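Respectively, the protein sequence lines represent chains P and Y. Going by this note's numbering, the first sequence opens with residue 21, and the numbers climb by one from there. Going by this note's numbering, the second sequence opens with residue 7, and the numbers climb by one from there. The beta-carbon is built from N, C-alpha and C at its ideal position, and this holds for glycine as well. Computed from a prediction, not measured in an experiment: that's the story for all the values here.
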Amino acid sequence: MLLWCFKTYVSPNGRRDAQHTIDRYNDSDQAFFSRAVAHLATTTIDQWHEPHGKKLKNEKPLFEVRYKANRCATRALGFFGSDGASFIIVLICTHKQDIYDPPDAFKTAHRRISQVLSGSAQTVPLQIDGEDFPSYED
Amino acid sequence: MEKTFLRMKIKATVRRAYVHAEVVTGLAHQIRAIRIQRGLTQGGLAKVMNTTQASISRLEDPSYGRYSLKTLLDLSTAFDTGLQVRFVSLVNMLHETFIPNALNREVLAFEEEAPHVGFYRPTISSSGVVYIAANPRTTVTDIPYMNIPLGHFQSKSFPISISIFNDERVSS
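Dropping the structure here:
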């Protein structure tokens, strides 16, 4: 059973950076990302542990989805929506030896979360292959 | 699921990528879930398997994704579970795995399950027999003569279905 639907951040001027990053993945990277999301979508928050997902220490309310893309450890940073049914991805970055790239990833993620919560930025359903993912219809 | 299926029809690389990603991601999640179900730390499981904590950590990491058949068999021994490795229709795999079922990750150890399993001998009983299928995909004919007490599965919150048959095996 799906516990979480996944959404992505849309900036005030309409940019969808996270979705565009995902759309550019090759077949293998997209498969690994989508399966990571699919399995976490049926996993309760208390089971979002490494190496699949993680609550970021001292960065409340940030969580990350962990997967590999372009041969790099990659993180989709996001937060759980107040509706109790959604996880909103606000930024995708890489992670190597405790260093996130871009270096201001957390700062940007927190700013985007504030924008979403204040209503100045929007969210739209995450899409894989051009359809909402994961979908309750499946 | 439909668009993923359509992409699979067009590109073999999409099919291969899905199988690879789902197998390693699903296994990693299940290994972690069963280890926690057994009350073991990664170090504790490593001790049981005579390996290192780092090795167990890698087995739970989908990014690692290299499982040997021997390692899987060693895990099934450590967990006291069965293990099925077989080729299946990719269409069926897509259908069954596209939205994973987290409830299916945990598996009882044989020694925990065995005391609750009994066998029905049709020559002994002349009237109604209760068959209980522990898995909703299992049909009664898949488990002839097996009778598992209802209470056990209720307490474990297992999905169950019950069919009651008389000697002519007519559902009532």
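Taking 8 Å as the CB-CB limit, is residue i close to chain P?
| i | result |
| --- | --- |
| Asp80 of chain Y | no |
| Arg13 of chain Y | yes |
| Thr10 of chain Y | yes |
| Pro106 of chain Y | yes |
| Thr187 of chain Y | Summary: the structure shown does not reach residue 187 of chain Y, with chain Y confined to residues 7 through 178, and so no result is reported for it. |
| Val20 of chain Y | yes |
| Ala27 of chain Y | yes |
| Ala23 of chain Y | yes |
| His35 of chain Y | yes |
| Lys53 of chain Y | no |
| Ile16 of chain Y | no |
Is the Cβ of residue i closer than 8 Å to any Cβ of chain Y?
| i | result |
| --- | --- |
| Leu146 of chain P | no |
| Phe100 of chain P | no |
| Leu97 of chain P | no |
| Ala141 of chain P | no |
| Gly34 of chain P | no |
| Glu84 of chain P | no |
| Tyr120 of chain P | no |
| Ala105 of chain P | no |
| Thr114 of chain P | no |
| Thr62 of chain P | yes |
| Phe74 of chain P | It is worth fixing the name first, because residue 74 of chain P is Lys in this sequence and not Phe. For Lys74 of chain P, the answer is no, since every Cβ of chain Y falls outside 8 Å of its Cβ. |
| His59 of chain P | yes |
| Arg55 of chain P | yes |
| Glu151 of chain P | yes |
| Lys88 of chain P | yes |
| Leu22 of chain P | yes |
Would DSSP call residue i helix, strand or coil?
| i | result |
| --- | --- |
| Asn153 of chain Y | Caution applies to Asn153 of chain Y, whose pLDDT of 49 falls short of 50 and renders its modelled position unreliable; the value that the coordinates give is listed next. It is a strand residue. |
| Gly124 of chain Y | strand |
| Asn73 of chain Y | Here residue 73 of chain Y turns out to be Tyr, not Asn, going by the sequence shown. Correct three-state label for Tyr73 of chain Y: coil. |
| Thr41 of chain P | helix |
| Lys15 of chain Y | helix |
| Arg179 of chain Y | Nothing about residue 179 of chain Y can be reported from this structure: the residues present for chain Y run from 7 to 178 only. |
| Leu22 of chain P | coil |
| Phe52 of chain P | helix |
| Asp152 of chain P | strand |
| Thr10 of chain Y | helix |
| Glu84 of chain P | strand |
| Leu33 of chain Y | helix |
| Ile1 of chain Y | Past the boundaries of the shown model lies residue 1 of chain Y; chain Y is included only from 7 to 178, so the question cannot be answered. |
| Ala89 of chain P | strand |
| Val97 of chain Y | helix |
| Val113 of chain Y | coil |
| Asp103 of chain P | coil |
| Asp121 of chain P | strand |
| Thr83 of chain Y | helix |
| Val91 of chain Y | coil |
Using 8 Å for Cβ pairs, my map puts residue i next to residue j. What's the rounded Cβ distance?
| i | j | result |
| --- | --- | --- |
| Thr114 of chain P | Thr128 of chain P | About 14 Å; that fails the 8 Å criterion. |
| Val144 of chain P | Val30 of chain P | 6 Å |
| Ala51 of chain P | Leu22 of chain P | 19 Å between Cβ atoms; not a contact. |
| Gly32 of chain Y | Pro106 of chain Y | 7 Å |
| Phe87 of chain Y | Glu28 of chain Y | The sequence shown places Thr at residue 87 of chain Y, not Phe. 20 Å between Cβ atoms; not a contact. |
| Ile108 of chain P | Val136 of chain P | 6 Å |
| Val91 of chain Y | Leu75 of chain Y | 7 Å |
| Leu81 of chain Y | Ile37 of chain Y | 6 Å |
| Pro32 of chain P | Ala141 of chain P | 5 Å |
Under DSSP, the beta strand (DSSP E) around residue i begins and ends at which residues?
| i | result |
| --- | --- |
| Ile62 of chain Y | Segment 59-65 is the alpha helix (DSSP H) holding Ile62 of chain Y; no beta strand (DSSP E) there. |
| Thr143 of chain P | 142-145 |
| Ser106 of chain P | 106-116 |
| Gly50 of chain Y | Run containing Gly50 of chain Y: none in the beta strand (DSSP E); it sits in the alpha helix (DSSP H), 48-55. |
| Leu97 of chain P | 92-100 |
| Gly73 of chain P | 73-75 |
Between which two residues does the alpha helix (DSSP H) carrying residue i extend?
| i | result |
| --- | --- |
| Ile133 of chain P | 125-138 |
### Task
Could you name the residues of the stretch 39-52 of chain P whose beta carbon sits closer than 9 Å to any beta carbon of chain Y, in the order they occur along the chain?
Asn46, Asp47, Ser48, Asp49, Gln50, Ala51, Phe52
### Message
Against chain P, which members of the stretch 58-84 of chain Y pass a CB distance test of less than 8 Å?
### Response
Ser63, Glu66, Asp67, Pro68, Ser69
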